[in-house]
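Per this note's numbering: the sequence shown = residues 5 to 472.
The beta-carbon is built from N, C-alpha and C at its ideal position, and this holds for glycine as well.
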Amino acid sequence: MFRADELVNVIGGRLVVGRADRTIDAISTDTRRLPPGALFWALRGERFDGAAFVEEALARGACGAVVPADAVPDARVWQGRDVVVIAAGDPLRALQEAAAAHRARFGLPVVGVTGSNGKTTTKEMAAAILAQRGPVLKTEGNLNNHIGVPLTLFRLGAAHRAAVVELGINHPGEMTRLCEIARPTVGVITNVGHAHLEGFGGLDGVARAKGELFEALGADGVAVVNLDDPRIATLGAGLTCRALTFGLTAGDVRGRIVDEGTRSGTRIEIRHGGARAECVVPVVGRHNAANALAAAAVAVALGTDLESVAKGLERFRPAAMRSELVTAPSGVVVFNDAYNANPSSMERALDTAGRLRGAGRVYAVLGDMLELGSGAESLHREVGRAAARAGLDGLVAVGPAARWIAEEARRAGMAARAVVSVDAAADAVAVIAGWCRAGDVVLIKGSRRMALERVATGLGVGPRPAHT
Numbered sequence: 005m006f007r008a009d010e011l012v013n014v015i016g017g018r019l020v021v022g023r024a025d026r027t028i029d030a031i032s033t034d035t036r037r038l039p040p041g042a043l044f045w046a047l048r049g050e051r052f053d054g055a056a057f058v059e060e061a062l063a064r065g066a067c068g069a070v071v072p073a074d075a076v077p078d079a080r081v082w083q084g085r086d087v088v089v090i091a092a093g094d095p096l097r098a099l100q101e102a103a104a105a106h107r108a109r110f111g112l113p114v115v116g117v118t119g120s121n122g123k124t125t126t127k128e129m130a131a132a133i134l135a136q137r138g139p140v141l142k143t144e145g146n147l148n149n150h151i152g153v154p155l156t157l158f159r160l161g162a163a164h165r166a167a168v169v170e171l172g173i174n175h176p177g178e179m180t181r182l183c184e185i186a187r188p189t190v191g192v193i194t195n196v197g198h199a200h201l202e203g204f205g206g207l208d209g210v211a212r213a214k215g216e217l218f219e220a221l222g223a224d225g226v227a228v229v230n231l232d233d234p235r236i237a238t239l240g241a242g243l244t245c246r247a248l249t250f251g252l253t254a255g256d257v258r259g260r261i262v263d264e265g266t267r268s269g270t271r272i273e274i275r276h277g278g279a280r281a282e283c284v285v286p287v288v289g290r291h292n293a294a295n296a297l298a299a300a301a302v303a304v305a306l307g308t309d310l311e312s313v314a315k316g317l318e319r320f321r322p323a324a325m326r327s328e329l330v331t332a333p334s335g336v337v338v339f340n341d342a343y344n345a346n347p348s349s350m351e352r353a354l355d356t357a358g359r360l361r362g363a364g365r366v367y368a369v370l371g372d373m374l375e376l377g378s379g380a381e382s383l384h385r386e387v388g389r390a391a392a393r394a395g396l397d398g399l400v401a402v403g404p405a406a407r408w409i410a411e412e413a414r415r416a417g418m419a420a421r422a423v424v425s426v427d428a429a430a431d432a433v434a435v436i437a438g439w440c441r442a443g444d445v446v447l448i449k450g451s452r453r454m455a456l457e458r459v460a461t462g463l464g465v466g467p468r469p470a471h472t
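Structure follows, in structure tokens:
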């Protein structure tokens, strides 16, 4: 990846100790997950200081460390060890510059995926399609921010034929910086919704910030534009790069939902030019059909034929806690969408849960939605009305903000005895387990901090690693 002296030049740092020709093959910011021989990058944050863990990193087998220039460890820390220590004025900026330099070595297509909802699912779908042509680098877990994107790019190697990188942001300007690092050649914005509103000041602010992805694409790049979302359609006008549109209502790549009423998946038809293909995507809901279409358009932008697109989508498997449908030993069908939540994704999940009704009943366990700013109460109440519209047989609201969901669901017509508010996931398990029988469907959804996957575990559905 880098020689020590090369890395020093890239980041504008200083080699404190060690051989200039020392080869660095891996980089890590976490001593708990430090690969043997990796370089430990000591970052600083509001609640942590990586410089305090340098000695531990070296003891765990790190080949050295990048440290803040004002926090170079005492020489005793590395005494007797064949290591490199590099001082950097701003370790975070240095990490990003190193990742950008590594990315620049490769001429392969890099797909940048962003959006308020569906980023991870679309990323996984696109990677599944492109993997038919050869190895694909993709974002793992939640490594989609100013630290995660560089760590993802450091895994880029000569064997890769493409990369699909998830780009997550909380404030304006962050997307521009992520694009400077990742240099995407294709960009897709899945949708614009009520996510991270605190940092953007409203939906138009979300759209502008996400739109920085399109603006960052070079003249040879391709913006994959969702015509079903009016704000994204507007962003796609007047671009200097090529635009490829998609949608369920219109677009260069156009889709049609053939059947979304089954628990095995969603059957969709995709058309582009004079070609058409049909496939069953193993996730449910109209929103996931839209995600599949976004991934299909990305693949088409990179020259993939529709037959290969369909095969790739059928091979896709959802990430853990994202639109997972699992039948518990009791026969209860758990719709585990617990990884995260915002008002838009909540309403979509409720609509999908209602469509999954078979002979049994449909319940929902809904948790607090975070980072909604001053609109938190009204947005939670909107979800309460959506819960009532979905025809739920019962609702368990988890957390202080979710009480607004419960209140509004009752006000909108749900029976008072069918709506329960609790403080934590463990309390929700006790309620929902008493309600459910074989054949019933239980939707589980809330913001990440609510850890509502514990409800799924309580119902007998064991956890699966979130990055798979």
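(request) Would you give the residue range spanned by the beta strand (DSSP E) that residue 283 belongs to? (result) 279-285
(message) the ligand COA and residue 279: does the residue's C-beta get closer than 7 Å to at least one heavy atom of that ligand?
(response) This structure lacks the ligand COA, and indeed carries no ligand of any kind.
(message) What does the alpha-carbon distance come out to for the pair residue 194 and residue 143?
(response) 16 Å
(message) Rounded to the nearest angstrom, what separates residue 297 and residue 462 at their Cα positions?
(response) 34 Å
(message) Along the chain, where does the alpha helix (DSSP H) containing residue 236 start, and where does it finish?
(response) 234-239
(message) Quick check: the Cα distance between residue 19 and residue 354, rounded to an integer number of angstroms?
(response) 56 Å
(message) Measuring straight from C-alpha to C-alpha, what distance separates residue 386 and residue 53?
(response) 40 Å
(message) Please report the straight-line C-alpha distance between residue 267 and residue 216, rounded to a whole angstrom.
(response) 37 Å
(message) Along the chain, where does the beta strand (DSSP E) containing residue 382 start, and where does it finish?
(response) Premise fails: residue 382 lies in the alpha helix (DSSP H), 380-393, not in any beta strand (DSSP E).
(request) Please list the segments of the alpha helix (DSSP H) lying wholly inside the segment 146-190, counting only runs of 4 or more residues, in order along the chain. (result) 152-157 and 178-186
(request) Please name the residue in 393, 343, 405 and 430 whose C-alpha comes closest to that of residue 377. (result) 405
(request) Just confirm the distance between the C-beta atoms of residue 190 and residue 113, as a whole number of angstroms; I'd bet it's less than 8 Å. (result) 6 Å
(request) Would you check if the segment 91-104 and the segment 7-21 touch, i.e. whether three or more CB-CB distances between them fall below 8 Å? (result) yes
(message) Once DSSP output is grouped into helix, strand and coil, what is the label at residue 75?
(response) coil
(request) Pull up the DSSP beta-bridge partners for residue 45, would you. (result) 70
(message) According to DSSP, is residue 109 part of a helix, a strand, or is it coil?
(response) coil
(request) Go ahead and pull the three-state DSSP assignment for residue 291. (result) helix
(request) Assuming residue 108 and residue 302 form a contact by the criterion Cβ under 8 Å, report the distance between their Cβ atoms to the nearest whole angstrom. (result) Not quite, the Cβ-Cβ distance comes to about 22 Å (not below 8 Å), so this is no contact.
(request) Please work out which residues of its chain come closer than 6 Å, Cβ to Cβ, to residue 26, disregarding the five sequence neighbours upstream and downstream, and give them in chain order. (result) 8 and 88
(message) For a quick check, are the C-beta atoms of residue 326 and residue 343 less than 8 Å apart?
(response) yes
(request) Would you tell me roughly how many angstroms separate the C-alpha atoms of residue 410 and residue 133, rounded to the nearest one? (result) 41 Å
(message) Considering only their Cβ atoms, is the gap separating residue 182 from residue 196 smaller than 8 Å?
(response) no
(message) On a Cα-Cα basis, can you pick out the residue from 318, 392, 418 and 361 that is closest to residue 350?
(response) 392
(request) Give the single residue among 397, 151, 120 and 240 whose Cα lies nearest to the Cα of residue 95. (result) 151
(message) If you measure between the beta carbons of residue 115 and residue 162, is that distance less than 8 Å?
(response) no
(request) Determine the contact status of residue 58 and residue 39, defining contact as a CB-CB distance below 8 Å. (result) no
(message) Within 10 Å of its beta-carbon, does residue 433 have 16 or more other beta-carbons around it, so buried, or fewer, so exposed?
(response) buried
(request) Look at the alpha carbon of residue 127 and the alpha carbon of residue 68, and state the distance between them as a whole number of angstroms. (result) 33 Å
(message) What would DSSP say about residue 358, mapped onto helix, strand or coil?
(response) helix
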